[in-house]
């Protein structure tokens with residue numbers, strides 16, 4: 001950090017801003033008198049987010065906040081020194097008195113600055129104010145990140161109003177991103193320090209204000225970006241915690257498809273070129289198939305639970321929050337083989353939340369992968385699952401910490417045990433993470449996207465809800481589920497199971513999600529078995545639990561799409577696709593036909609079966625779903 005440069009620039013800026021007060025034409029005499037009596041100025045900063053990225057420090061890290069606070073402290077101290085020097089030359093602001101020195105803010109300044117104020121006074125009552133600086137950063141900063149904000153995105157659209165009142169979207173690139181690309185070429189993956197506003201949690205946004213606020217005597221403009229579905233309770237907690245931290249205020253921004261926004265990351269295509277409306281601008285939410293990764297299933301140390309005739313070491317944690325009514329035990333087992341390998345987690349207890357053991361079952365498969373980054377990614381997601389808020393006695397001291405739900409508590413304990421065993425190294429290969437079609441769930445735009453919905457009702461347990469599979473058309477033309485949601489009456493931990501399965505669906509290798517579904521097909525629940533219709537048939541059969549039937553329904557959808565067979569195995573080897581360059585004569589994009597195993601291919605809607613699976617073949621319209629032959633010639 002160029003502190004010598006700051007030392008030269010800050011005094012000049014203070015003098016310039018002070019003289020602006022004298023040269024400004026004030027509409028009202030009262031305004032002029034107020035300005036002259038206090039001589040308030042507002043020296044701020046911009047480009048902090050880009051500066052941290054270029055210095056290799058994450059904005060949302062403790063190091064990033066510490067560095068930001070240090071930079072702001074240096075600027076503030078130098079500004080106050082300059083104002084004291086100007087008081088020696090021109091006199092202090094008229095309302096100055098020795099009471100000024102008793103301010104808690106002034107007491108934070110170095111001793112020599114306070115002594116200078118006591119002797120000479122100070123030219124300006126307030127000196128520091130961090131403004132939004134959006135236009136300034138774009139026009140004069142070559143589009144650096146504005147104010148103390150992180151970069152909104154590395155490239156995005158900015159709406160600009162035209163003379164006639166219309167709006168035009170202009171594509172702009174962030175300064176740090178552009179500079180990095182000029183120096184090192186087009187990056188396959190940006191360094192970890194390049195973190196945008198949309199990737200940072202609301203708490204981390206607020207934490208940056210806390211880091212800088214002690215050295216700002218006026219106000220700070222800071223936007224806390226939150227997702228569109230941000231819960232009301234989280235909004236409330238965010239503002240309450242900001243108040244308790246002594247902040248003057250914060251601003252939250254939640255995307256709104258109705259009113260839109262000045263900045264957006266949407267690179268949406270037209271309806272003619274995209275079968276669904278997905279936001280493709282955020283690189284972490286964009287579906288990409290630019291290479292064929294190694295099969296993710298091959299990353300498993302043990303495809304199933306390893307046999308341990310002599311037993312294996314494990315650690316048991318009791319989760320007991322009487323006020324929340326949550327009580328269960330979590331057991332994390334590991335194997336010693338040169339290194340400690342955590343490979344399973346169990347939940348025990350008659351009072352444990354329903355479905356929680358199913359979450360543990362799937363998480364155990366993730367623990368057996370050779371991808372620590374994937375496991376950490378899963379645990380991060382599970383710690384954000386909402387449900388019954390509770391307080392978890394964290395080992396080793398038993399300090400009670402708030403968590404969002406029993407699912408989040410389980411994830412916290414698994415992470416703690418893995419870190420205790422030194423089994424979360426991040427420099428190992430990441431085969432599963434490399435096989436993700438998108439780092440974050442693709443988001444639908446206001447025109448919506450495809451989905452498949454089915455009802456589930458279990459009279460034995462009182463469950464009555466719908467299962468929704470969100471679907472997209474992959475770059476190779478294949479329609480594919482990428483997320484699962486539930487709505488209705490269901491056990492709260494089912495949200496955690498949906499979160500796990502949604503992440504698994506985004507692994508390109510279909511064998512991965514197939515293995516997860518296969519593990520759930522026989523998942524039992526005490527007194528939870530019930531009769532239900534077999535998917536795709538008129539017959540009924542007994543299913544051991546709601547979870548088992550839900551897994552059967554999801555598998556059935558993958559079978560309908562020609563992705564998995566009845567045994568949850570991929571119909572075709574991963575990445576085996578054959579391009580078809582024929583056109584249907586109406587300007588539609590080229591279709592992609594699955595090699596070897598056939599399967600449904602995205603196309604026009606079939607008038608017989610209703611699937612969007614009609615493609616041209618041998619001069620005729622052919623439905624790849626039902627085989628119907630339509631118009632020829």
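Residue numbers (UniProt numbering): 1 to 633. All C-beta atoms in this analysis are idealised placements derived from N, C-alpha and C, irrespective of residue type, glycine included.
Mapping DSSP to helix, strand and coil, what is residue i?
i, result
"residue 348", "strand"
"residue 635", "Residue 635 is absent from the model: the chain starts at 1 and stops at 633."
"residue 646", "Residue 646 lies beyond the range of the chain shown here (1 to 633); nothing can be said about it."
"residue 234", "helix"
"residue 481", "strand"
"residue 387", "coil"
"residue 372", "helix"
"residue 443", "coil"
"residue 321", "strand"
"residue 662", "Because the chain here runs from 1 to 633, residue 662 falls outside it and cannot be looked at."
"residue 543", "strand"
"residue 63", "helix"
"residue 452", "strand"
"residue 494", "helix"
"residue 220", "strand"
"residue 37", "helix"
"residue 328", "strand"
"residue 160", "strand"
"residue 188", "coil"
"residue 113", "helix"
Within its chain, find whatever has a CB closer than 8 angstroms to the CB of residue i; leave out the 5 residues flanking it on each side and keep chain order.
i, result
"residue 382", "359, 363, 407, 408, 410, 411, 496, 499, 500"
"residue 78", "6, 7, 10, 11"
"residue 314", "331, 332, 333, 334"
"residue 63", "57"
Is the beta carbon of residue i less than 8 angstroms from the beta carbon of residue j?
i, j, result
"residue 371", "residue 308", "no"
"residue 404", "residue 417", "no"
"residue 450", "residue 471", "yes"
"residue 491", "residue 354", "yes"
"residue 525", "residue 545", "yes"
"residue 211", "residue 54", "no"
"residue 413", "residue 330", "yes"
"residue 80", "residue 113", "yes"
"residue 116", "residue 46", "no"
"residue 512", "residue 504", "yes"
"residue 26", "residue 32", "yes"
"residue 377", "residue 433", "yes"
"residue 239", "residue 254", "no"
If we ignore side chains and look at the alpha-carbon of each, how far apart do residue i and residue j end up?
i, j, result
"residue 157", "residue 168", "9 angstroms"
"residue 529", "residue 456", "13 angstroms"
"residue 316", "residue 136", "56 angstroms"
"residue 24", "residue 159", "31 angstroms"
"residue 126", "residue 344", "58 angstroms"
"residue 124", "residue 86", "9 angstroms"
"residue 154", "residue 196", "7 angstroms"
"residue 461", "residue 237", "33 angstroms"
"residue 349", "residue 190", "45 angstroms"
"residue 22", "residue 39", "9 angstroms"
"residue 319", "residue 395", "11 angstroms"
"residue 616", "residue 567", "31 angstroms"
"residue 223", "residue 213", "14 angstroms"
"residue 463", "residue 386", "19 angstroms"
"residue 106", "residue 100", "8 angstroms"
"residue 448", "residue 473", "13 angstroms"
"residue 111", "residue 217", "17 angstroms"
"residue 368", "residue 192", "26 angstroms"
"residue 465", "residue 453", "10 angstroms"
Suppose the cutoff is 6 angstroms on Cβ atoms and the five residues either side in sequence are ignored; what does the same chain contact list for residue i look like?
i, result
"residue 49", "59, 145, 149, 150, 151"
"residue 11", "82"
"residue 37", "94, 95"
"residue 531", "540, 542"
"residue 352", "328"
"residue 508", "435, 437"
"residue 393", "400"
"residue 72", "212, 215"
What residues in its chain sit with their C-beta under 7 angstroms from that of residue i, if we drop five residues either side in the sequence?
i, result
"residue 96", "121, 122"
"residue 598", "Confidence at residue 598 is low in this model, with a pLDDT of 43, below 50, so the placement of that residue should be treated as unreliable; the coordinate-derived value is given next. Excluding sequence neighbours, residue 598 sits near 562."
"residue 565", "559, 571"
Hey, does residue i have any beta-carbon neighbour from chain D nearer than 8 angstroms?
i, result
"residue 532", "Annotation note: the requested chain D is absent from the structure, which comprises a single protein chain."
Using only the heavy atoms of the ligand FAD, determine whether one of them is closer than 7 angstroms to the beta carbon of residue i.
i, result
"residue 313", "Looking for the ligand FAD in the displayed structure turns up nothing, as the structure carries no ligands at all."
message: Taking 8 angstroms as the cut-off, does the region 551 to 563 touch the region 518 to 538 (at least 3 CB pairs, one atom from each stretch)?
response: By the C-beta criterion, the region 518 to 538 is judged to be in contact with the region 551 to 563, since at least 3 inter-stretch pairs fall below 8 angstroms.
field: Any 3 or more C-beta pairs closer than 8 angstroms across the region 181 to 195 and the region 231 to 250
entry: In this structure the region 181 to 195 does not touch the region 231 to 250; the number of beta carbon pairs closer than 8 angstroms is below three.
- prompt: How about the region 204 to 212 and the region 168 to 178: do they share at least three Cβ pairs that are nearer than 8 angstroms?
  reply: As far as the Cβ criterion goes, the region 204 to 212 does not touch the region 168 to 178, which means the pair count is below three.
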